[in-house]
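Counting in the working numbering, the sequence shown runs from 735 upward without gaps. Working notes for the structure below.
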Amino acid sequence: MPKVSVVVPVYNVKNYLEKCAASVLGQTHPDLELLLIDDGSTDGSAALCDQIAASDPRVRVVHQENQGLGGARNTGVNAAQGQWILFPDSDDWLEPQTLETALSAGEKTGADLVAFPFRSVDEAGRELAVFREDLPENVPLDPKTRRDLLLLAPSACNKLYKTQLFHCTGLRYPPRVWYEDLRTTLKLIPSCRRLAYTGFVGYNYLQRPGSIMNNANLSRNREIIDALGDVLGWYKSQGLFEAYRQELEYLALFHGYLTASVRVLRADPSHPLLKELRAYIDREFPRRRHNPYLPRLGKKRRLLLSLLDRSMYRTVGTLFKLKG
């Protein structure tokens, strides 16, 4: 039985898949299996998965009809044989010591989930930014007392999970939706007994024009409202909403209002979704301006928030044009 199952959803990424797979198979902690979940690819990625599997006995391939990123991850969870599980995206890659470092932190602290920093890179591999958390490293963290753990970047990719966490909770990623990470990570964190954080920058996130977060389909940004509704409903059903109200309010403000609004207005300052996002945040969190986590936004984002609250959409768009 492998120690770690690395689940990679694959959909039409023929030009990137080999680099991702090589970064997994080249880990300094070799006790792993690589599960390539071919999610109905049509560009030759399916055949490439089989070629990679033929070159290393640690690789298994599952071919399935398209279920989206969340559905592919769920297939991997159900097929995983490892005690731990990692979810890299197929166009990204790991540093060689990623598994060794994260696994060491998890075993040392008895954590159910280990988070680590990631860097964004361009097509040439140039570093664009590094995203870290302000957390103590390699110590056990309790989400019941450290409720700010809910504010971790919700990405599924820069975290190592106990596989049993998914089986015990029954939590899975929703298929064929945007924000599947947000919908799931925010439920996994309070379900953990302990979490850990390691400062090793172990994940390289490729920013490319065809990726989901760069998709120009503006109307799909409305799905953040559905995602937040899903999350808030889960917290209420679990009796956790009041305990985490401030954290959930900040997350809704950041992801559901600020980030989504800026993404839309940079393309279309008159898009009707802008007013819908504002109405949602006003309805669900009318006292958001008193949230204690607002200083985390920094001066620039607080300025953007102020402009959004005054419906000065074109001013925000102009600021981004000047920046460009």
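Beta carbons are placed, not taken as given, at the ideal position from N, Cα and C, and that holds for glycine.
**Asked** If you draw a straight line from the C-alpha of L999 to the C-alpha of S838, how long is it?
**Response** Looking up residue 999 in the sequence shown gives position 265. Looking up residue 838 in the sequence shown gives position 104. Their backbone Cα atoms lie some 43 Å apart in a straight line.
**S739 versus Q815, Q972 and N749, residue with shortest Cα-Cα distance** = For the purposes of this step, residue 739 is taken as the residue at position 5 of the sequence shown. Per the Cα distances, Q815.
**Prompt:** Would you say the segment 743–756 touches the segment 819–837, given that touching needs at least three Cβ pairs under 8 Å?
**Reply:** yes
**Prompt:** Do V744 and L770 have their C-beta atoms within less than 8 Å of each other?
**Reply:** As a working note, residue 744 is residue 10 in the sequence shown. As a working note, residue 770 is residue 36 in the sequence shown. Their beta carbons are under 8 Å apart, which means V744 touches L770 by this criterion.
**Message:** Run through the DSSP bridge pairs and tell me what K896 is partnered with.
**Reply:** For the purposes of this step, residue 896 is taken as residue 162 along the sequence shown, with counting starting at 1. Note: K896 sits in a beta bridge opposite W818.
**Environment of K878 [buried if 16+ CB atoms lie within 10 Å]** = Residue mapping note: residue 878 aligns to position 144 of the sequence shown, counting from 1. Exposed, because fewer than 16 other Cβ atoms sit within 10 Å of the Cβ of K878.
**Item:** Simplified DSSP state of D790, which is helix, strand or coil
**Value:** Here the question's residue 790 lines up with position 56 in the sequence shown. DSSP places D790 in coil when its eight states are reduced to three.
**C-alpha distance - R1044 paired with H1024, whole-angstrom precision** = Mapped onto the sequence shown, residue 1044 falls at position 310. Mapped onto the sequence shown, residue 1024 falls at position 290. Looking at the two C-alpha atoms, the distance is approximately 17 Å.
**Asked** Is C926 buried or exposed, if buried means 16 or more other CB atoms sit within 10 Å of its CB?
**Response** Residue 926 sits at position 192 when you count from the first residue of the sequence shown. The residue in question, C926, is buried, as its Cβ has 16 or more Cβ neighbours within 10 Å.
**Request:** Can you have a look at M947 and say buried or exposed, based on whether 16 or more other CB atoms are within 10 angstroms of its CB?
**Result:** For the purposes of this step, residue 947 is taken as the residue at position 213 of the sequence shown. Only weak support exists for where M947 lies, its pLDDT of 45 falling under 50; the value from the coordinates is given anyway. Label assigned to M947: exposed.
**Request:** Tell me, please, which residues DSSP counts as bridged to Q798.
**Result:** Numbered from 1 along the sequence shown, position 64 holds the residue referred to as residue 798. Paired residue(s): D773.
**L875 vs A836 beta-carbon contact at 8 Å** = Position 141 of the sequence shown, counting from 1, holds the residue named residue 875. Position 102 of the sequence shown, counting from 1, holds the residue named residue 836. Result no, Cβ atoms of L875 and A836 do not sit closer than 8 Å.
**Prompt:** Under 8 Å between the Cβ atoms of A768 and R807?
**Reply:** Locating residue 768 in the sequence shown gives position 34, where the first residue counts as 1. Locating residue 807 in the sequence shown gives position 73, where the first residue counts as 1. Going by the sequence as given, residue 768 is Leu instead of Ala. It is not a contact, given that the beta carbons lie outside the stated cut-off.
**Residue(s) in a DSSP beta bridge with S739** = One-based indexing of the sequence shown puts residue 739 at position 5. Partner(s): E767 and I819.
**Request:** Output yes or no for whether 8 Å exceeds the beta carbon distance between Y937 and C902.
**Result:** Sequence index remark: in the sequence shown, residue 937 carries index 203 (1-based). Sequence index remark: in the sequence shown, residue 902 carries index 168 (1-based). No, the Cβ-Cβ distance between Y937 and C902 is not below 8 Å.
**Message:** Just verifying my parser: in three-state terms, what is the DSSP assignment at Y750?
**Reply:** Along the sequence shown, read from residue 1 onward, the residue named residue 750 stands at position 16. Helix.
**Asked** What whole-angstrom Cβ distance do E857 and R956 have, given they're in contact under 8 Å?
**Response** In the sequence shown, the residue the question calls residue 857 occupies position 123. In the sequence shown, the residue the question calls residue 956 occupies position 222. That belief does not hold up - the Cβ atoms of E857 and R956 are roughly 29 Å apart, past 8 Å.
**Message:** Checking 8 Å against the spacing of the C-beta atoms, do A813 and H797 come in under that value?
**Reply:** The residue labelled residue 813 in the question sits at position 79 within the sequence shown. The residue labelled residue 797 in the question sits at position 63 within the sequence shown. No, these two residues do not count as a Cβ contact at 8 Å.
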